[in-house]
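Everything on this sheet refers to the single structure shown next.
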Amino acid sequence: MRLTTKDEYSVRGLPEARIKPKMRVSPVWLVPLVAAVVAGWLVFENFQKMGPLITIEFNDGNEVEANQTTIRYRGVKVGAVRSIKLAADQRHVEVRARLENSAKDLAREGSVFWIVRPEVGATGLRGLDTIVSGPYIQVQPGTGKEQSHFIGADGPPLLDGSEGGLEIVVTTPELGTLNIGSPVYYRGMEAGEVKYFVLSADSRAVDVHLLIKTNFTQLVRTDSQFWNAGGININLRFLGINISAESFKSLVIGGIAFATPSAPGPQATNRATFPLNEKLDEKWLKWSPVISSTNAQTRATQPPPSSLLLNSMNPGSK
26 MRLTTKDEYS VRGLPEARIK PKMRVSPVWL VPLVAAVVAG WLVFENFQKM GPLITIEFND
86 GNEVEANQTT IRYRGVKVGA VRSIKLAADQ RHVEVRARLE NSAKDLAREG SVFWIVRPEV
146 GATGLRGLDT IVSGPYIQVQ PGTGKEQSHF IGADGPPLLD GSEGGLEIVV TTPELGTLNI
206 GSPVYYRGME AGEVKYFVLS ADSRAVDVHL LIKTNFTQLV RTDSQFWNAG GININLRFLG
266 INISAESFKS LVIGGIAFAT PSAPGPQATN RATFPLNEKL DEKWLKWSPV ISSTNAQTRA
326 TQPPPSSLLL NSMNPGSK
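If you're matching positions, the sequence shown starts at 26 in the numbering used here and goes up one per residue.
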């Protein structure tokens, strides 16, 4: 009887070979598989963040670059420019941008987009951060229906409503030293500023629009008095001359001050109109109304109360 191969190995005392089945999937393939899963997850996550694609028309696209220029709202990035090209009529440029999903409600009728660049004005330097980072697109949200095509503005809205506060109007026959950014004072503290000015409807006066800070709005009443606090005030008195100004800032770009009677009237409403008195009436400085106001954001770095004394000559006061 012939022995089988297996029996021969057993008789001769030789070790028997064990055959293992070959693995069908190599561990090497696990690396690209994991990479593909991670890449797919990142794509899905980015897709979840993607908001609507919008088109904005601007008169020029100076320094606006695709995949670099961002769209911001309240200092937060809410989108980015994807492409920029010259329009078919060659009179403006078309900027296509993608908003983030969290900012999709910004793509509504009434939204205003404008390019923020370095600017030098009466209030000083603005947009200094764009010198390093380049310009960006700022947006003021609208409240209308959904929209994907917008006409960009040349500059920020006159009053965009995001700052809060109270908008009032003072009328004056002549603008004088007032300018955009001129301060508004209450008891020597900076309570607001001039935002813009236009001719009145009948062109007989200038309507100066002021924005009063939130923590000073309670102080503006229907019977408050406003006067021109810009320039230098010279008071001739029997024993000397008193030369004063509200602040050094008001000397440069003008200023407005206001006072409220000791028995104040109702609080002024938005866009209430007041006459701007050319000179101060001394009795206004004696008014001392008791009005609750929020001073949490008021810092003690403002000009001193009343007026800043520049020069005083009074021989009898030694």
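Note that the Cβ used here is the ideal one computed from N, Cα and C, for glycine as well.
Asked                                                                                                                                                                  : Found
Output needed for Thr-148: all residues of its chain with C-beta closer than 6 Å, excluding positions within five of it in sequence on either side, in chain order.    : Here Thr-148 scores only 46 on pLDDT, less than 50, and its place in the model is too uncertain to base an answer on.
In whole angstroms, what separates the C-alpha of Pro-160 from that of Val-137?                                                                                        : 16 Å
With DSSP run on the structure shown, which of helix, strand or coil describes Gly-180?                                                                                : coil
Can you check whether the CB of Glu-134 is closer than 9 Å to the CB of Glu-82?                                                                                        : no
Using C-beta distances below 7 Å, list every residue in its chain close to Lys-238, excluding the 5 sequence neighbours before and after it, in chain order.           : Gly-190, Ala-216, Gly-217
Using 8 Å for Cβ pairs, my map puts Phe-251 next to Asn-302. What's the rounded Cβ distance?                                                                           : 7 Å
Spell out a yes or no on whether the region 78-93 and the region 163-182 are touching, meaning 3 or more CB-CB pairs, one atom from each, closer than 8 Å.             : yes
Taking the alpha-carbon positions, what's the Gln-165 to Tyr-98 distance?                                                                                              : 7 Å
At the level of alpha carbons, what is the spacing between His-117 and Tyr-221?                                                                                        : 27 Å
So Ser-108 is in the beta strand (DSSP E); what residue range does that whole segment cover?                                                                           : 101-111
Report back the beta-carbon spacing between Trp-139 and Pro-208 to the nearest angstrom; my notes put them in contact at under 8 Å.                                    : About 25 Å; that fails the 8 Å criterion.
Using a Cβ-Cβ cutoff of less than 7 Å, which residues in the same chain neighbour Arg-43 once the five nearest sequence positions on both sides are dropped?           : none
How about Gly-76 and Leu-124: do their beta carbons lie closer than 9 Å?                                                                                               : yes
What did DSSP end up calling Ala-226 once you bin it into helix, strand or coil?                                                                                       : coil
Straight-line CA distance for Thr-95 to Ala-113?                                                                                                                       : 24 Å
Please report how far the alpha carbon of Gly-213 lies from the alpha carbon of Leu-200, in whole angstroms.                                                           : 22 Å
Considering just the uninterrupted stretch of the beta strand (DSSP E) at Gln-163, what are its terminal residues?                                                     : 161-165
So, at 7 Å on beta carbons, what are the nonlocal neighbours of Ala-132 in its own chain, with the 5 sequence-adjacent residues on each side left out?                 : Pro-77, Ile-79, Leu-124, Glu-171, Gln-172, Ser-173
How many whole angstroms separate the CB atoms of Val-219 and Leu-235, which I take to be in contact at a CB cut-off of 8 Å?                                           : 6 Å
Could you tell me the alpha carbon to alpha carbon distance between Val-231 and Thr-298, rounded to whole angstroms?                                                   : 12 Å
Are the C-beta of Val-245 and some C-beta of chain D separated by less than 9 Å?                                                                                       : The structure shown contains no chain D; it holds only a single protein chain.
Kindly give me the distance between the Cβ atoms of Asn-92 and Arg-107, rounded to whole angstroms, as I take these residues to be in contact under 8 Å.               : 7 Å
Looking at the strands, I want to know which residues DSSP matches up with Leu-217.                                                                                    : Note on residue identity: the sequence assigns Gly, not Leu, to residue 217. For Gly-217, which the question treats as bridged, DSSP gives the partners Val-209, Ile-237.
Return the chain-ordered list of same chain residues with a C-beta closer than 6 Å to the C-beta of Lys-110, the five sequence neighbours on each side being excluded. : Glu-119
In whole angstroms, what separates the C-alpha of Ser-225 from that of Ala-288?                                                                                        : 31 Å
Under 7 Å Cβ to Cβ from Lys-129, same chain only, skipping five residues before and after it: list those, please.                                                      : Gly-76, Pro-77
Assuming contact is defined by CB atoms lying nearer than 9 Å, are Gly-279 and Asp-248 in contact in what I supplied?                                                  : no
Would you identify the three-state DSSP class for Gly-190, choosing helix, strand or coil?                                                                             : coil
Can you give the Cα-Cα distance for Gly-167 and Thr-196, rounded to whole angstroms?                                                                                   : 30 Å
Would Thr-285 pass as a contact of Ile-316 if the rule is Cβ separation under 9 Å?                                                                                     : yes
Considering only residues of the same chain and omitting the five flanking positions on each side of Gln-292, which have a CB-CB separation below 8 Å?                 : Thr-242, Gln-243, Val-245, Arg-246, Thr-247
For Gln-163, count neighbouring Cβ atoms within 10 angstroms of its own Cβ and tell me buried if that reaches 16, exposed if not.                                      : buried
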